[in-house]
Structures are given as structure tokens and as C-alpha cells.
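All remarks here apply to the structure that follows.
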Amino acid sequence: MRVAALLLAAGRSERFGSNKLVADLGGKPVYAWSFETLLRHPQIECVGAVVHQESVLEWSSFLPGAAFVVGGGTTRQASALAGLEALPDGIDLVLVHDAARPFISAKLISDVIRAV
-12 MRVAALLLAA GRSERFGSNK LVADLGGKPV YAWSFETLLR HPQIECVGAV VHQESVLEWS
48 SFLPGAAFVV GGGTTRQASA LAGLEALPDG IDLVLVHDAA RPFISAKLIS DVIRAV
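Residue numbers (the working numbering): -12 to 103.
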């Protein structure tokens, strides 16, 4: 089974007051925790990111190893669709994760893949 992951990072963090995804958390940005975990997982073939339209170039430099970085839409659903449309052909399973949730574990990823 070919597995891909999408990291959704297209929000504006308006209630937070600044971009919470780049805030320092334990020595690295919030988004890096989940991105690195997804990227290292042995069952995940590729990790793509969906970011705010105006930030694609900036985020491309933040995400070495990403299969792609694309601009999202005005809603979470539109952003997820943009990520799905950017996936390479032949992917059987797509995991979608919110970049603002930094502590996803390799075990949880494996459990979800196994459950599907």
C-alpha cells in the first residue's frame, strides 16, 4: 500500500495573534514536530504541505524533504482538496494532519495505517 501524508498549514492563526505554526516549541517551530515525524515514518512514501497562498515560496524553504508545497483555499476543506490534487499518482491512502498539532507519534501513524 502506498501511503502519503498531507500537512495542513494554510490557516492564519488569527485568534492566536501571530503565526502559531512558526512559534518556538522546545527549540523548533510548532509545524516541524509533526512534519518531521511524518517524513521519518517508514510507511509514508511522501509528505506534502498545504500552506497559505501567499506563503508557498517561504514555506518551501521551511520544509526540506516535502514532496510538494501548494497553496490552500479559503476553507480547510478547500485546502485539503488542493493537497489531494497535488499528490502523485498511485497513492492508496492519504493521512491528513493539522500542522498546529505538534505531537503526533509514529505509533499513532502506524496504528491509523493498520486500522485502515
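Glycine residues also receive a C-beta, built at the ideal position from the N, C-alpha and C atoms.
As the structure is a prediction and not an experimental result, all values here were calculated from the model.
The beta carbon of Thr24 sits closer than 8 Å to the beta carbons of Ile91, Ser92, Ala93 and Ile96 from its chain, once the five residues preceding and following it are set aside; these are given in chain order. Under the three-state reduction of DSSP, Val56 is assigned to strand. Classified as buried, Pro89 has 16 or more neighbouring CB atoms from the shown chains inside 10 Å of its CB.
A direct Cα-Cα distance of roughly 6 Å separates Ile78 from Val(-10).
Asp11 has its alpha-carbon roughly 18 Å from the corresponding atom of Ala(-3). In the DSSP assignment, Leu8 falls outside any alpha helix (DSSP H) and carries neither an H nor an E. Proximity to Val99 across Gly52, Val81, Thr62 and Arg27 peaks at Val81, based on C-alpha coordinates.
If you look at Asp98, you'll find it in the alpha helix (DSSP H) that goes Ala93 to Ala102. Just measuring C-alpha positions, the residue of Gly35, Val57 and Gly52 sitting nearest Val43 is Val57.
Leu8 and Met(-12) have their C-alpha atoms spaced approximately 31 Å apart. In the structure shown, the three-state DSSP call for Leu50 is coil.
According to DSSP, residue pairing for Ile78 in a beta bridge does not occur.
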